[in-house]
Amino acid sequence: MLRSLTHYWRIHLAVLLGAAVATSVLTGALLVGDSVEESLRQLTLGRLGRVDQCVVASRYVRQHLADELSNNEAVTRTAPMIAVHASIQVASSGRRANKVLLFGVDERFGGFFEHSPTDSSRSSRLRILHPNGPLKRTLEIEEGDALILSIETHTDIHREFLFGEDGAEDRVIRRRVSAGATAEDEAGGRFSFEPNQSIPLVAFVQLRALQKFLKVDGRVNRILIESSQNELVRLDGFVDLEDYGLELKRSGETLILESDQFFLKELVAEAARHAAVQYGVSADGVLTYLANRMSTDRGSVPYSMISAMGRLDETDDSVDSYVILNGHAAARLGAVKGDTVTIRYYELERDEGFVETEIRLPMREPVAINGVAADRTLTPEFPGVRDANNMADWDAPFPVDLGAITTLDEDYWDEHGATPKAFLPLALGQRIWKNRFGNLTSVRFVSDVSRDDIVRGLLERLSPENQGIRVLALRANGLEAARGTADFRGLFFGFSTFLLVASLTMVSQLFKLGVEDRRSEIGLMKAVGFKTGSVSRLLIIEGVTLAVLGGLAGFLGAAAYARLMIHGLSTWWIGAVGTSLLIYDGSTVSFLIGWLLSVLLVGLVVWRAVGRESRGVIVDLLRHRGSDVERPMSTRIRMLARVSGMLAVLLAGGSIIMKPADRIVLFFGVGTLALTALLAAVRVLATRSGEP
595 MLRSLTHYWR IHLAVLLGAA VATSVLTGAL LVGDSVEESL RQLTLGRLGR VDQCVVASRY
655 VRQHLADELS NNEAVTRTAP MIAVHASIQV ASSGRRANKV LLFGVDERFG GFFEHSPTDS
715 SRSSRLRILH PNGPLKRTLE IEEGDALILS IETHTDIHRE FLFGEDGAED RVIRRRVSAG
775 ATAEDEAGGR FSFEPNQSIP LVAFVQLRAL QKFLKVDGRV NRILIESSQN ELVRLDGFVD
835 LEDYGLELKR SGETLILESD QFFLKELVAE AARHAAVQYG VSADGVLTYL ANRMSTDRGS
895 VPYSMISAMG RLDETDDSVD SYVILNGHAA ARLGAVKGDT VTIRYYELER DEGFVETEIR
955 LPMREPVAIN GVAADRTLTP EFPGVRDANN MADWDAPFPV DLGAITTLDE DYWDEHGATP
1015 KAFLPLALGQ RIWKNRFGNL TSVRFVSDVS RDDIVRGLLE RLSPENQGIR VLALRANGLE
1075 AARGTADFRG LFFGFSTFLL VASLTMVSQL FKLGVEDRRS EIGLMKAVGF KTGSVSRLLI
1135 IEGVTLAVLG GLAGFLGAAA YARLMIHGLS TWWIGAVGTS LLIYDGSTVS FLIGWLLSVL
1195 LVGLVVWRAV GRESRGVIVD LLRHRGSDVE RPMSTRIRML ARVSGMLAVL LAGGSIIMKP
1255 ADRIVLFFGV GTLALTALLA AVRVLATRSG EP
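In our numbering, the protein residues as written are 595 to 1286.
Following this line, the structure appears as structure tokens:
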């Protein structure tokens, strides 16, 4: 066989080069897929550093929670931080960057990367901002340049509530800062919580300074975690009521449960009911609202707090309708038991704003201002109202008629503050003042019960998940996203299909020419007793040997082809993968798979080329002629055209129900089948017209 290979070296060299091209294309496509997958994986690892998981809170939680989580055996380290969106404008040029990820971090953040992006000082003044590379280039700034930092702050009170400020959720606060040293990639300059193939605009400031600027001292909304286990870190046993925005404070023998959002959610109310039953104490629900005016035929009182109160465990569906005035309000209204009291109050409509409505209620026996009726804590600390020294100083988000406020009203405010002047049944108050944020402003546990017991009972029914605190597997999710929904190997193999088919066709034609030149040799071998199968086997072995050698030679071409594709994807076709940070990474497995597949495919085309000549008649072969008996090919070609066309149509139709990622790979299969069908159809038409 060796002498045969060397004797026909010219044609065999051409076949070997064709096999090398096929291997280069096939293996190169696999290498490109490997490189893209590994590049995206490295991007994720570089973005996250040593971060495995992250506590994400919809509200600010205790910064000390990070220290407590460090006591978990599965937790290696933690870092508290604040993450908000901001806008940054260059003071001198006016250039602006929006949707910047602003991170407030301390020295613990640097433990997840090579070093910290901020200096080691713990200044409480927000003075220095450290941009990452993309942000620095976007703003065209240098260290020391003056910047205007704008942050959208969020209030705990929703704007759809009476005391929620219109636009409070989008209130913008600004601070003039200086650009500090650039936060490099190894210092977390590419860090973000969302998988992203492009580097986001990121800036870092001192955590303590940002806390003071946002008025959230000692609180954070993110906690980074490095964990030694794959399972998510459990927060149960670490979170406290404060992390849920709840406060349980004692007033005499009463424990009062309130929320920083002023309304207790239904889940919290149910947990309070459960705790009361568990420890055998009485729990009263309170819903306090502001009345614009209370009036009778004999007088009126402006701007009065009204508390609806009742037992949480009451299950009677009937709603009593009555009002109880305190002594001050009853005297000013000249009201006695049985009189009708008109209460006017605001309802906040989404489209119409504040709409005043009223309810008429019969009055029951008034109460003296002592005991519960004198308890100022029935009224939550509504901003701009409860902390005002005078009613005229109210900074309320709703219209206030200051002219209606009298000296008697100011005197009551000086003596009793925001103490309610009237009381309703809880069910009635919840019916007229219901909203989607909750139907209680507080729960009062009336008994000499241990605070720790009530806290324990509440936490048994509340969970971090239903209170807006989650643990995200950033690393696992990032690596899963890096793998993507598309098979990159199959995708780039599809891109290279036509090159592969062309190279295999070239190998087939070249080897066929070589076999045709050796017809007399084949005829002589058959004449001296070699069977047709033996002759075919010898020729196929030669072809497969060339395929093996060509495949090995194609490794260099595969690496070059892959590097060229990676360069193209990083520059010319960057939109295909969304990042320019691609690296070449060829695996031994891909080289082996590509080599084996190319040998198999070249072997198949060699077998197809050898078959016809080796079956020729001896006399014709010795005369260096092909067989005069030509089998009709039109039937098989016609069948090939039909089958390929039908498969192309079926696959194209089936792509409608497939995932978008799978359609990409299917596209190339449909294109190949359609091309095959069209070429076969052209061959059939050419045969019918008598053309060769």
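Ideal placement from N, C-alpha and C gives every residue a C-beta, glycine not left out.
Q: Inspect the CB distances between the region 1182-1192 and the region 1148-1157 and report whether three or more fall short of 8 Å.
A: yes
Q) With burial defined as no fewer than 16 other Cβ atoms inside 10 Å of the residue's Cβ, what is the status of Ala1154: buried or exposed? A) exposed
(Q) Comparing C-alpha positions only, which one of Ala925, Thr934, Met899 sits nearest to Ser915? (A) Thr934
Q | Status (buried if at least 16 other CB within 10 Å, exposed otherwise) for Val1183 | A | exposed
Q.
Can you tell me which residues form a DSSP beta bridge with Glu841?
A. Glu852
Q) Are Val678 and Leu1066 touching if we call contact CB-CB under 8 Å? A) no
Q: Given a cut-off of 8 Å, decide if Phe948 and Pro993 are closer than it, judged by their beta-carbon atoms.
A: yes
Q.
According to DSSP, is Asp628 part of a helix, a strand, or is it coil?
A. helix
Q: Answer yes or no: the CB of Trp1007 versus the heavy atoms of the ligand MG, is any distance below 7 Å?
A: This structure simply doesn't include the ligand MG, nor any ligand for that matter.
Q. What residues in its chain sit with their C-beta under 7 Å from that of Phe1242, if we drop five residues either side in the sequence?
A. The identity of residue 1242 in the sequence shown is Ala, whereas the question assumes Phe. Val1264, Leu1267, Ala1268, Ala1271.
Q: Would you check if the distance between the CB atom of Val626 and the CB atom of Ile1160 is smaller than 8 Å?
A: yes
Q.
Quick check on this structure: which residue in Arg867, Met903, Asn790 has the alpha carbon closest to the alpha carbon of Ala1075?
A. Asn790
Q) Where are the beta strand (DSSP E) runs, 3 residues long or more, that stay fully inside the region 992-1030, in chain order? A) 1016-1019
Q. Which term fits Asn984, buried or exposed, when burial requires 16 or more other beta carbons within 10 angstroms of its beta carbon?
A. exposed
Q. Residue ranges of each alpha helix (DSSP H) run of no fewer than 4 residues wholly in the region 637-695, ordered along the chain?
A. 658-663
Q | Span separating the alpha-carbon of Ala608 from that of Ala1141 | A | 11 Å
Q. Taking Cβ to Cβ, would you say Arg926 is nearer than 8 Å to Gly904?
A. no
**Q.** Selection from Val827, Leu884, Ser1181, Glu820 that minimises the alpha carbon distance to Val645
**A.** Glu820
Q) Where does Met1240 land, buried or exposed, given buried means 16+ other C-beta within 10 angstroms? A) exposed
Q) Is the beta carbon of Trp1027 less than 8 Å from the beta carbon of Leu881? A) yes
Q. Bridge partners of Phe697, per DSSP?
A. Ala677, Phe798
Q. Can you give the Cα-Cα distance for Met675 and Ala1012, rounded to whole angstroms?
A. 37 Å
Q) With C-beta atoms as the reference, is Ala902 less than 8 Å away from Gln1024? A) yes
Q.
Taking the alpha carbon of Gly932 as the reference point, which residue from Glu836, Val917, Ala1070 has its own alpha carbon closest?
A. Val917
Q) For Leu1002, is the classification buried or exposed, using 16 other Cβ atoms within 10 angstroms of its Cβ as the cut-off for buried? A) exposed
Q: Can you tell me which of the three DSSP states Glu1136 falls into?
A: helix
Q: With DSSP collapsed to three states, give me the class of Ala925.
A: helix
Q) From Ser1221 to Arg635, what does the alpha carbon distance come to, in whole angstroms? A) Reliability of the predicted coordinates at Ser1221 is poor, the pLDDT of 48 falling under 50, and the value obtained from them is presented with this limitation in mind. Going by the C-alpha atoms only, they are around 58 Å apart.
Q | Which of helix, strand or coil DSSP assigns to Asn790 | A | coil
Q: Determine the closest residue to Thr1000 out of Thr971, Leu1068, Arg887, Arg1069, with distance taken between C-alpha atoms.
A: Arg887
(Q) Just verifying my parser: in three-state terms, what is the DSSP assignment at Leu1143? (A) helix
Q | Which listed residue (Gly698, Ser889, Ile1231, Val684) has its alpha carbon closest to that of Phe798 | A | Gly698
**Q.** For Val875 and Arg1038, the rounded distance between their alpha carbons
**A.** 10 Å
**Q.** Integer-rounded CB distance, given that Ala863 should sit under 8 Å from Leu1034
**A.** 5 Å
(Q) Between the alpha carbons of Glu780 and Leu723, how many angstroms are there, rounded? (A) 17 Å
Q) In or out: Gly1144 buried (at least 16 other Cβ within 10 Å) or exposed? A) buried
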